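Here the structure is laid out as structure tokens; the discussion comes afterwards.
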Amino acid sequence: MKKFIIVVLSAMMILSMVGCSEKTNNDDKTIDKLVVSFVPSKDSDVILQAANGDPEKGYRSLSQIIIDGLAQRGFTVNEVEVNVGTSYAAVGEGMVSGTIDIGLIPASTYILYSDGVDLLVEALRYGVAGEDGKVIDPKDGVNPWNAGKTTDATDMATGYASLIYVNTATDKGAELYQLADAGKLTWDDVNSATWYVCSSTSSAGYVYPSLWLNTNFGTPDNKITIASLANVIPDGSYANMMESLLTGGCDITVGYADVRKDAASTTAFEAAYPELAKEGKTVWDIIKVIAVSDYIMNDTVSVAKQSVDPKMTPELVKALQEVFIEFGSTEEGQAAVKPYSHKGYMVGSDSDYDSTRAANALFN
């Protein structure tokens with residue numbers, strides 16, 4: 004009898020433990036609310052209108068896409084709130100304080116708040132292809148950019164580069180191009196040129212060209228940025244900057260890869276060099292690249308670290324990665340994030356953002 008009582012009690016304890024275990028697991032996979040926040044890189048109404056879905060096309064809202072995707076992976080989420088932060092910093096601060104669970108934030112914001120934020124996935128956009136149709140890797144240097152026309156690629160990339168352009172139809176541009184091609188470009192050479200750049204907040208039009216200058220000509224005791232140059236025309240638009248380069252208003256300009264693909268560049272070339280245009284020449288024949296910046300990463304989807312946001316368990320993070328990658332490849336999902344031009348997502352690595360850290364450090 005005594006043995007029987009012990010066996011029964013043991014069985015009851017085991018069942019009780021199993022019951023508790025199941026309850027805990029269920030609780031871990033039941034989430035009352037997730038907050039998703041966009042940075043205000045576009046008008047808030049535009050962002051939220053896209054995120055709310057398109058009933059006429061049968062597109063679900065971003066909230067419902069996430070709820071349904073997590074449900075397929077065993078999670079019950081009662082609510083997903085989608086909002087737009089009042090500033091980039093507000094989204095970063097919300098994530099490190101645990102009031103925002105998921106943030107669609109640029110690389111620089113991710114780096115600034117990485118103490119409290121983890122990378123979820125990296126955004127994909129169409130890359131730039133060379134004459135062979137393959138996406139050009141910025142690590143391959145200037146040669147692919149000077150080999151012929153560039154086009155929009157059909158393949159995706161996690162980022163892009165800033166290119167530094169000269170006009171080889173001018174004496175100064177031809178000189179700079181020859182020096183760069185021979186690997187003999189010096190600080191005096193670039194400092195003697197007139198540069199036309201974007202505002203100081205532009206990644207491709209200011210920040211990453213500055214990083215290139217500092218990497219090649221700066222020292223630990225003497226940081227060099229575009230502000231260090233003797234002759235700078237500031238606050239340009241890419242169209243105006245390329246037109247100025249074509250008409251001799253500047254010697255060097257900068258821009259995303261590849262400004263020459265823009266219709267405005269072709270229009271400006273044909274206006275400045277009508278005879279060359281009649282011969283079948285294009286903007287690629289005279290506007291050449293003398294330098295390629297470090298990789299400028301696309302936006303991230305990041306999450307608050309579990310240390311500040313306990314619900315962000317490794318299991319939930321993995322499920323969210325799968326959900327974003329899955330919907331990022333669909334028309335419905337791309338429509339929900341259309342203002343950000345995301346064409347998909349992939350799992351990346353924190354080390355992908357080392358150049359972003361270097362740029363941030365250069366500008367404190």
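Those letters in the sequence shown? Residues 4 to 367, per our numbering, in order.
No residue lacks a Cβ here, since even glycine has one placed at the ideal position from N, Cα and C.
Remember, predicted model here, so these are calculated numbers, not experimental data.
Beta carbon of residue i nearer than 9 Å to that of residue j
| i | j | result |
| --- | --- | --- |
| A322 | R76 | yes |
| T228 | L107 | no |
| V306 | D312 | yes |
| M98 | V83 | no |
| I293 | M245 | no |
| T197 | N234 | yes |
| T161 | A126 | yes |
| W190 | L166 | no |
| D71 | T153 | no |
| G252 | V124 | no |
| K346 | Y129 | yes |
| A110 | N301 | yes |
| N86 | S40 | yes |
| T285 | T269 | yes |
| V42 | G88 | yes |
| K60 | E335 | yes |
| V80 | I34 | yes |
| L115 | D353 | no |
| Y241 | I299 | no |
| D31 | E329 | no |
| Q309 | T316 | yes |
| L37 | D104 | yes |
| S195 | P237 | no |
| D265 | L279 | no |
Three-state secondary structure assigned by DSSP to residue i
| i | result |
| --- | --- |
| F366 | coil |
| S247 | helix |
| Y241 | helix |
| S2 | Given that the chain is displayed from residue 4 to residue 367, the structure contains no residue 2 and the question cannot be resolved. |
| D135 | coil |
| D265 | coil |
| G97 | helix |
| D71 | helix |
| D140 | coil |
| D184 | helix |
| D31 | helix |
| T189 | coil |
| D312 | coil |
| D224 | coil |
| T173 | coil |
| T112 | helix |
| T79 | strand |
| T270 | helix |
| V10 | For V10, the predicted structure reports a pLDDT of 40, less than 50, and the residue's modelled location is therefore unreliable. The matter cannot be settled from this model. |
| T2 | The structure shown has nothing for residue 2, since the chain only spans 4 to 367. |
| A150 | coil |
| Y62 | strand |
| Y298 | coil |
| M15 | With a pLDDT of only 43 at M15, under 50, the local geometry of the prediction cannot be trusted, and the value read off the model is given with reservation. Three-state result, M15: helix. |
Span of the beta strand (DSSP E), counted from its first residue to its last, around residue i
| i | result |
| --- | --- |
| N86 | 83-87 |
| L123 | 120-126 |
| F41 | 37-41 |
| G106 | 105-108 |
Integer Cβ distance of residue i from residue j, believed to fall under 8 Å
| i | j | result |
| --- | --- | --- |
| V295 | A164 | 5 Å |
| V200 | G239 | 6 Å |
| A150 | V138 | So it is not a contact: roughly 14 Å between Cβ atoms. |
| L214 | D297 | 6 Å |
| I69 | P342 | 17 Å between Cβ atoms; not a contact. |
| D254 | L182 | About 12 Å separates the two Cβ atoms, so there is no contact after all. |
| L65 | A54 | 4 Å |
| L249 | A275 | 4 Å |
| Y168 | T256 | 5 Å |
Per DSSP, the bridge partner or partners of residue i
| i | result |
| --- | --- |
| W198 | V235, I255 |
| S165 | Y259 |
| Y129 | M159 |
| Y348 | A126 |
Span of the alpha helix (DSSP H), counted from its first residue to its last, around residue i
| i | result |
| --- | --- |
| V292 | Segment 290-295 is the beta strand (DSSP E) holding V292; no alpha helix (DSSP H) there. |
| G144 | Note, G144: premise wrong, no alpha helix (DSSP H); not H, not E. |
| T218 | 211-220 |
| S354 | Note, S354: premise wrong, no alpha helix (DSSP H); not H, not E. |
| E325 | 317-331 |
| G336 | 334-339 |
| K281 | 277-281 |
| V49 | 47-54 |
Proximity test, residue i beta-carbon vs the ligand FAD heavy atom, cut-off 8 Å
| i | result |
| --- | --- |
| L249 | With respect to the ligand FAD, the structure offers nothing, as it holds no ligand at all. |
C-beta neighbour in chain B for residue i, strict 9 Å
| i | result |
| --- | --- |
| L107 | You won't find chain B in this structure, because it holds only one protein chain. |
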